[in-house]
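Here the structure comes first, spelled out in structure tokens, and everything after it is commentary.
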Amino acid sequence: MFYELAAPSWGPEEAAAAKAVIDSGFYTMGANVKAFEEEFAAYHGMKHGIMVNSGSSANLIAVAALAYKADRPLQRGDEVIVPVISWATTYHPLQQYGLKLRFVDVDLATLNIDAAQLEKALTPKTRAIVAVSILGNPAALDVMRAFADQHGLYLIEDNCESMDAELNGRKAGTFGHLNTFSFFFSHHISTMEGGIILTDDTELAHLCRSLRAHGWTRDLPPDSPVFQKKGNDFFEAYRFVLPGYNVRPLEIEAAIGRQQLKKLPGFTAQRRKNLALFQELFGNDDRFIIQKENGKSSAFSFTIILNPALKIDRNKAFAALKDADIGYRIITGGNFLRHDVIRHYEYEVVGGGVPNADLAHDHGFFVGNHPFDLTPQITRLREVLDAACR
1 MFYELAAPSW GPEEAAAAKA VIDSGFYTMG ANVKAFEEEF AAYHGMKHGI MVNSGSSANL
61 IAVAALAYKA DRPLQRGDEV IVPVISWATT YHPLQQYGLK LRFVDVDLAT LNIDAAQLEK
121 ALTPKTRAIV AVSILGNPAA LDVMRAFADQ HGLYLIEDNC ESMDAELNGR KAGTFGHLNT
181 FSFFFSHHIS TMEGGIILTD DTELAHLCRS LRAHGWTRDL PPDSPVFQKK GNDFFEAYRF
241 VLPGYNVRPL EIEAAIGRQQ LKKLPGFTAQ RRKNLALFQE LFGNDDRFII QKENGKSSAF
301 SFTIILNPAL KIDRNKAFAA LKDADIGYRI ITGGNFLRHD VIRHYEYEVV GGGVPNADLA
361 HDHGFFVGNH PFDLTPQITR LREVLDAACR
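310 is the number that the numbering used here gives to position 310 of the sequence shown; each next residue is one higher, with no gaps.
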């Protein structure tokens with residue numbers, strides 16, 4: 001396409017790293033995974049990194065770890081505050097562990113959770129908040145962490161869309177008790193599939209390591225707080241202490257990730273240059289509501305909401321984009337309450353409605369951003385939408 005939603009970011013370094021793993025004859029989780037975990041955690045100033053096979057699995061393992069924490073674990077029937085716009089697998093692990101969701105509307109300017117409603121969302125059963133930074137734009141992470149600390153809540157930061165974003169000089173994906181990232185093809189760095197959990201809490205890190213691989217103890221040190229080592233190494237090799245999964249990553253993914261991580265600062269710098277052009281071309285036109293930057297966005301993509309007051313026909317805009325060979329999609333799944341799967345959830349809507357999420361769902365879309373110059377594509381996008389939205 002002339003303007004794709006996603007594009008490859010690998011070079012000869014990634015190909016060489018993949019070939020080295022193939023040539024080694026050792027493909028499952030090993031030395032490259034360990035090194036990538038350490039390097040990714042260090043990049044974010046965090047103590048522990050636990051790599052898994054996807055960002056969705058990272059969310060699953062993070063929720064599971066809180067359910068098996070020795071002190072104050074999450075329990076079925078507990079409530080979790082969540083934004084109403086996010087990816088489906090932000091929510092699914094919460095439902096699968098029997099938690100009740102309290103959906104909060106988004107701020108139309110940032111498309112992130114309306115932090116002013118946190119107090120209204122709080123009940124005596126609230127035990128956690130999920131912070132999501134939409135499409136590269138940091139949410140009010142500092143506000144949510146302060147609120148969580150004030151009320152004794154866990155903060156899970158789903159940062160799968162906002163790697164390398166910053167708020168007040170601090171990386172997104174470092175504000176939570178547990179923080180998740182994705183390395184899917186279209187994301188800021190790509191390992192094919194893949195994800196990671198970051199935490200400064202040793203117990204949570206060890207819980208994640210065990211849950212990642214069958215719930216066994218093999219990947220844990222003898223002094224782990226998760227179990228007490230017994231004398232017989234024969235049985236310790238297959239000792240299961242948690243009802244875990246197999247969501248391990250591959251060596252080839254981690255080897256590629258190590259090369260991609262070296263390129264991340266440059267990738268982000270170029271994404272931000274593209275963002276500046278997009279803001280220049282669309283920011284002062286009242287037909288288009290674009291995402292207001294909070295902190296320093298890593299610009300996963302560019303969102304546009306057609307001003308509903310002007311009654312612009314979105315289908316006409318979509319037809320023009322299609323004719324111009326420009327890809328587009330709904331904003332991060334739109335209003336999650338409007339998906340069929342919600343019938344399987346126990347939930348409440350804070351304030352009784354989510355009008356901003358509905359506006360984004362009915363009048364919005366996003367186009368791609370990539371770690372290379374998109375001046376021709378963004379300029380053409382402006383021309384096409386200018387003509388189609390008169």
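Glycine included, C-beta positions come from ideal geometry on N, C-alpha and C. All figures in this text were calculated on a predicted structure; none of them were measured in a lab.
Inset, instruction - Whole angstroms is fine: what's the gap from PRO376's alpha carbon to PHE2's? - result: Roughly 9 angstroms separates the two Cα atoms.
Legend entry - Neighbour-count burial assignment, ARG343, 16 or more Cβ in a 10 Å radius: With fewer than 16 Cβ atoms within 10 Å of its Cβ, ARG343 is classed as exposed.
Legend entry - CA-to-CA distance, ILE113 to LEU122, given in whole angstroms: Cα to Cα, LEU122 sits roughly 14 angstroms from ILE113.
Legend entry - Boundaries (first-last residue) of the beta strand (DSSP E) holding TYR347: Counting along the chain, TYR347 sits inside the beta strand (DSSP E) bounded by residues 347–349.
Legend entry - Cβ-based neighbour list, PHE175, same chain, cut-off 6 angstroms, excluding 5 preceding and 5 following: Excluding positions up to five away in sequence, the list reads LEU141, ARG145, GLU157.
Legend entry - Sheet register partners of GLU157 (DSSP bridge): ALA131, ASN179, per the DSSP bridge assignment.
Legend entry - Anticipated Cβ contact below 8 angstroms, ASP105 with ALA320, distance rounded: About 30 angstroms separates the two Cβ atoms, so there is no contact after all.
Inset, instruction - Say whether the stretch 76–95 touches the stretch 219–227, bearing in mind that this needs 3 or more beta-carbon pairs closer than 8 angstroms, one atom from each stretch. - result: Touching, no, given that fewer than three Cβ pairs across the two stretches are closer than 8 angstroms.
Inset, instruction - Taking PHE40 as the reference, give the member of GLY136, LYS262, HIS214 with the closest Cα. - result: Of the candidates GLY136, LYS262, HIS214, the one whose C-alpha sits nearest the C-alpha of PHE40 is LYS262.
Inset, instruction - Report back the beta-carbon spacing between GLU348 and ARG102 to the nearest angstrom; my notes put them in contact at under 8 angstroms. - result: Sure, about 5 angstroms apart at Cβ, within 8 angstroms.
Legend entry - Stretch-stretch touch, CB-based, cutoff 8 angstroms, three pairs: the stretch 230–250 with the stretch 265–280: Because the criterion of three Cβ pairs below 8 angstroms is not met, the stretch 230–250 and the stretch 265–280 do not touch.
Inset, instruction - Note down the Cα distance separating ASN335 from GLU161, rounded to an integer number of angstroms. - result: Between ASN335 and GLU161, the C-alpha separation is close to 17 angstroms.
Inset, instruction - Pair every Cβ in the stretch 23–33 with every Cβ in the stretch 166–181, then say whether three or more of these pairs are closer than 8 angstroms. - result: Using a C-beta cut-off of 8 angstroms, the stretch 23–33 makes no contact with the stretch 166–181, since fewer than three inter-stretch Cβ pairs fall below that distance.
Legend entry - DSSP three-state assignment for MET144, whether helix, strand or coil: Under the three-state reduction of DSSP, MET144 is assigned to helix.
Inset, instruction - Measure the Cβ-Cβ separation of ASN268 and LEU135 and say whether it is below 8 angstroms. - result: It is worth fixing the name first, because residue 268 is Thr in this sequence and not Asn. Result no, Cβ atoms of THR268 and LEU135 do not sit closer than 8 angstroms.
Inset, instruction - Answer yes or no: do SER301 and VAL367 have a C-beta to C-beta separation smaller than 8 angstroms? - result: In this structure, VAL367 lies closer than 8 angstroms to SER301 by Cβ.
Legend entry - Beta bridge counterpart(s) of THR199 as assigned by DSSP: For THR199, which the question treats as bridged, DSSP gives the partners HIS48.
Legend entry - Limits of the beta strand (DSSP E) - the one that THR303 falls within: Per DSSP, THR303 belongs to the beta strand (DSSP E) from 301–306.
Legend entry - Inter-residue Cα distance where the pair is THR126 and GLN117: For the pair THR126 and GLN117, the Cα-to-Cα distance works out to about 14 angstroms.
Legend entry - Cross-strand partners of THR126 (DSSP beta bridge): THR126 is bridged by DSSP to GLU79.
Inset, instruction - Quick one: grab the DSSP three-state call for TYR43. - result: TYR43: helix per DSSP, three-state reduction.
Inset, instruction - Have a look at the DSSP bridge pairing and note the partners of TRP87. - result: In the DSSP output, where bridge partners are listed per residue, TRP87 has none listed.
Inset, instruction - Determine the closest residue to TRP10 out of GLY266, PRO138, ILE256, with distance taken between C-alpha atoms. - result: Put simply, of GLY266, PRO138, ILE256 the residue whose alpha carbon is nearest the alpha carbon of TRP10 is ILE256.
Inset, instruction - Could you check if THR89 is buried or exposed, using at least 16 other CB atoms within 10 Å of its CB as the buried criterion? - result: With 16 or more other CB atoms across the displayed protein chains lying within 10 angstroms of its CB, THR89 is buried.
Inset, instruction - Could you spell out where the beta strand (DSSP E) holding VAL106 opens and where it closes? - result: For VAL106, there is no enclosing beta strand (DSSP E), as DSSP marks it with neither H nor E.
Inset, instruction - Measure the CB-CB distance between ILE331 and GLY364 and report whether it falls below 8 angstroms. - result: Less than 8 angstroms separates the beta-carbon of ILE331 from that of GLY364.
Inset, instruction - Check each candidate in CYS208, TYR328, TYR91 and name the one with the smallest Cα separation from LEU66. - result: In this structure, CYS208 is the residue among CYS208, TYR328, TYR91 with its C-alpha nearest to the C-alpha of LEU66.
Inset, instruction - Taking all protein chains shown into account, decide if PHE184 is buried (16 or more other Cβ within 10 angstroms of its Cβ) or exposed. - result: Sixteen is the threshold: when 16 or more other Cβ atoms of the shown chains lie within 10 Å of the Cβ of PHE184, as they do, the residue is buried.
Inset, instruction - Assign VAL354 to one of three DSSP states: helix, strand, or coil. - result: Looking at VAL354 - three-state DSSP - the assignment turns out to be coil, as it is neither helix nor strand.
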